[in-house]
Amino acid sequence: MANLLIGDIHGCYDEFMRLLEKAKFSSSDTLWLTGDLVARGPKSLDVLRFVKHNANQIRLVLGNHDLHLLSIYANITQAKKKDNLEELIRATDLDELMNWLRKQPLVQIDESLKLIMTHAGISPQWDLETLKKCANDLNAMLSSDSYILFLDKMYGNFPDEWQPELQGLDRLRYIANALTRMRFCYEDGRLDFYYKKSPEQAPSKLKPWFLLPSKISNEYSIAFGHWAALNGKGTPENIYALDTGCCWGGKLTCLRFEDRKYFKKKNIEIKTR
Numbered sequence: 014m015a016n017l018l019i020g021d022i023h024g025c026y027d028e029f030m031r032l033l034e035k036a037k038f039s040s041s042d043t044l045w046l047t048g049d050l051v052a053r054g055p056k057s058l059d060v061l062r063f064v065k066h067n068a069n070q071i072r073l074v075l076g077n078h079d080l081h082l083l084s085i086y087a088n089i090t091q092a093k094k095k096d097n098l099e100e101l102i103r104a105t106d107l108d109e110l111m112n113w114l115r116k117q118p119l120v121q122i123d124e125s126l127k128l129i130m131t132h133a134g135i136s137p138q139w140d141l142e143t144l145k146k147c148a149n150d151l152n153a154m155l156s157s158d159s160y161i162l163f164l165d166k167m168y169g170n171f172p173d174e175w176q177p178e179l180q181g182l183d184r185l186r187y188i189a190n191a192l193t194r195m196r197f198c199y200e201d202g203r204l205d206f207y208y209k210k211s212p213e214q215a216p217s218k219l220k221p222w223f224l225l226p227s228k229i230s231n232e233y234s235i236a237f238g239h240w241a242a243l244n245g246k247g248t249p250e251n252i253y254a255l256d257t258g259c260c261w262g263g264k265l266t267c268l269r270f271e272d273r274k275y276f277k278k279k280n281i282e283i284k285t286r
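Residues 14 to 286 in my numbering are what the sequence shown lists, from first letter to last.
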């Protein structure tokens with residue numbers, strides 16, 4: 014009865030299946046998926062169908078590419094060639110898949126394991142209750158009949174600072190950005206979306222979100238994806254970066270949480286940026 018935490022799949026279905034085999038995934042195990050199920054890799058449709066079909070064994074969170082897919086489906090933006098989503102967009106079960114996808118959570122918390130998972134991380138300006146409430150509020154909007162109203166205003170880098178007084182679409186945009194796009198923050202906790210490389214090369218005024226003082230108790234472990242440039246390195250002991258760039262020719266990574274053992278599967282077809 015293992016908990017297997019897997020980084021961003023990005024449509025790399027074959028590597029995903031081989032990784033599950035390598036980790037000896039069984040019907041008694043639970044998969045935790047860090048989001049960005051789709052885009053870049055060649056088989057986003059197969060990934061979505063597998064995850065939806067096995068939903069009773071899977072705890073997932075939405076990533077920025079998953080939200081982008083929903084905006085494409087809603088005709089708010091256009092797919093780019095590099096998204097590699099043509100097969101998915103033409104699928105006969107697209108409506109069913111998208112209605113399922115938009116109802117998935119933005120955060121997973123297991124109190125018995127003391128484990129939290131989001132796609133990008135947790136805003137340094139949030140405590141645990143704020144995290145829960147914010148994630149639930151965005152999930153409620155995406156699950157509602159009004160979800161297109163949010164997707165239409167989703168894109169943008171502001172507000173970049175959390176204020177409890179934030180309301181409406183500005184509030185929801187901050188929540189989405191913190192949970193699905195964040196990498197670096199200023200020392201006062203404001204979010205930065207312009208610098209995306211490794212921390213070693215970052216301007217001195219910017220820090221990875223996980224190196225700023227946290228309002229989340231350190232009794233919790235935190236798992237996240239999104240940041241392939243980290244290659245799983247450079248985080249504090251109880252924080253796990255699981256995106257290791259499979260869709261860029263890197264590896265798909267799985268962490269078995271019980272004994273902290275890693276399993277990795279290299280991209281079958283090497284890609285370049």
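Glycine included, C-beta positions come from ideal geometry on N, C-alpha and C. As the structure is a prediction and not an experimental result, all values here were calculated from the model.
- Query: Hey, how far is the Cα of residue 138 from the Cα of residue 28?
  - Reply: Here residue 138 refers to the residue found at position 125 of the sequence shown. Here residue 28 refers to the residue found at position 15 of the sequence shown. Spanning the two alpha carbons is a distance of roughly 36 Å.
- Query: In this structure, what does DSSP give as the bridge partners for residue 2?
  - Reply: In this structure the chain extends from 14 to 286, so residue 2 is not present and cannot be described.
- Query: What are the partner residues of residue 221, as DSSP defines its beta bridges?
  - Reply: In the sequence shown, counting from the first residue as 1, residue 221 sits at position 208. Its beta-bridge partners are 197.
- Task: Let me know the secondary structure DSSP gives residue 49 once reduced to three states.
- Result: Indexing the sequence shown from 1 puts residue 49 at position 36. The answer is coil: DSSP assigns residue 49 none of H, G, I, E or B.
- Message: Can you tell me whether residue 180 is buried or exposed? The criterion is at least 16 other CB atoms within 10 Å of its CB, across all chains shown.
- Response: Looking up residue 180 in the sequence shown gives position 167. By the beta-carbon neighbour count (other beta carbons within 10 angstroms, threshold 16), residue 180 is exposed.
- Does DSSP classify residue 140 as helix, strand or coil? Taking the first residue of the sequence shown as position 1, residue 140 is located at position 127. Here residue 140 sits in strand by DSSP.
- Proximity to residue 208 [Cα-Cα], best of 220, 201 and 202: Translated into the one-based positions of the sequence shown, residue 208 becomes position 195. Ranking 220, 201 and 202 by CA distance to the CA of residue 208 puts 220 first.
- Task: Could you spell out where the beta strand (DSSP E) holding residue 210 opens and where it closes?
- Result: The count along the sequence shown starts at 1 and reaches residue 210 at position 197. No beta strand (DSSP E) holds residue 210; DSSP gives it neither H nor E.
- Identify which residue in 243, 43 and 66 has its Cα closest to the Cα of residue 215. Residue numbering aside, residue 215 sits at position 202 when the sequence shown is read from its first letter. Per the Cα distances, 243.
- Sort out for me which residues DSSP pairs residue 269 with in a bridge. Taking the first residue of the sequence shown as position 1, residue 269 is located at position 256. The partner list for residue 269 (beta bridge, DSSP) reads 17 and 274.
- Message: When you compare the stretch 96-110 with the stretch 118-135, are there three or more beta-carbon pairs, one atom per stretch, that lie closer than 8 Å?
- Response: no
- Message: Let me check understanding here. Comparing Cα to Cα, which of 31, 24 and 125 lies closest to residue 278?
- Response: As a position in the sequence shown, residue 278 is number 265, starting the count at 1. Looking only at 31, 24 and 125, the smallest Cα-Cα distance to residue 278 is reached by 31.
- Query: Do residue 153 and residue 120 come within 8 Å of each other at the CB atom, strictly closer than that value?
  - Reply: As a working mapping, residue 120 is identified with position 107 in the sequence shown. As a working mapping, residue 153 is identified with position 140 in the sequence shown. No. Outside cutoff.
- Could you tell me the boundaries of the beta strand (DSSP E) in which residue 72 lies? Here residue 72 refers to the residue found at position 59 of the sequence shown. Start and end: 71-73.
- Message: Between the alpha carbons of residue 212 and residue 105, how many angstroms are there, rounded?
- Response: Taking the first residue of the sequence shown as position 1, residue 212 is located at position 199. Taking the first residue of the sequence shown as position 1, residue 105 is located at position 92. Their Cα atoms are separated by approximately 43 Å.
- Message: Helix, strand or coil for residue 284? Go by DSSP, reduced to three states.
- Response: The residue you call residue 284 lines up with position 271 of the sequence shown. With a pLDDT of 42 at residue 284, under the threshold of 50, the predicted position of this residue should be treated as unreliable, though the coordinate-derived value follows. It is coil, neither helix nor strand.
- Message: For the stretch 159-171 against the stretch 76-95, do three or more pairs of beta-carbon atoms, one drawn from each stretch, fall closer than 8 Å, so that the two count as touching?
- Response: yes
- Give the straight-line distance between the Cα atoms of residue 273 and residue 266, rounded to the nearest whole angstrom. Stepping through the sequence shown from its first residue, residue 273 is reached at position 260. Stepping through the sequence shown from its first residue, residue 266 is reached at position 253. About 12 Å.
- Who are the near neighbours of residue 188 in its chain, counting only those whose CB is closer than 6 Å to its CB and skipping five residues on each side? In the sequence shown, residue 188 corresponds to position 175, counting from 1. Closer than 6 Å at the Cβ level, and outside the excluded window around residue 188, lie 147 and 151.
- Task: Would you give the residue range spanned by the beta strand (DSSP E) that residue 89 belongs to?
- Result: As a first step, residue 89 is located in the sequence shown; it is residue number 76 there, counting from the start. That residue, residue 89, is in no beta strand (DSSP E); it is neither H nor E in DSSP.
- By a C-beta neighbour count over all protein chains shown, 10 Å radius and 16 as the cutoff for buried, is residue 56 buried or exposed? Residue 56 sits at position 43 when you count from the first residue of the sequence shown. Looking at its Cβ environment, which holds 16 or more other Cβ atoms inside 10 Å, residue 56 is buried.
- Meets three-Cβ-pair contact criterion under 8 Å: the stretch 196-206 and the stretch 111-118: Touching, no.
- Is residue 245 helix, strand or coil when you go by DSSP? Translated into positions along the sequence shown, residue 245 becomes position 232. If DSSP states are grouped into helix, strand and coil, residue 245 belongs with coil.
- Item | From 190, 166, 173 and 200, residue whose alpha carbon lies closest to that of residue 6 | Nothing can be reported for residue 6, as the shown portion of the chain is limited to 14 through 286.
- With which residues is residue 204 paired in a DSSP beta bridge? Counted from its first residue, the sequence shown places residue 204 at position 191. 198, per the DSSP bridge assignment.
- Identify which residue in 69, 40, 46 and 168 has its Cα closest to the Cα of residue 89. For the purposes of this step, residue 89 is identified with residue 76 of the sequence shown, where counting begins at 1. Comparing Cα positions, the closest option is 168.
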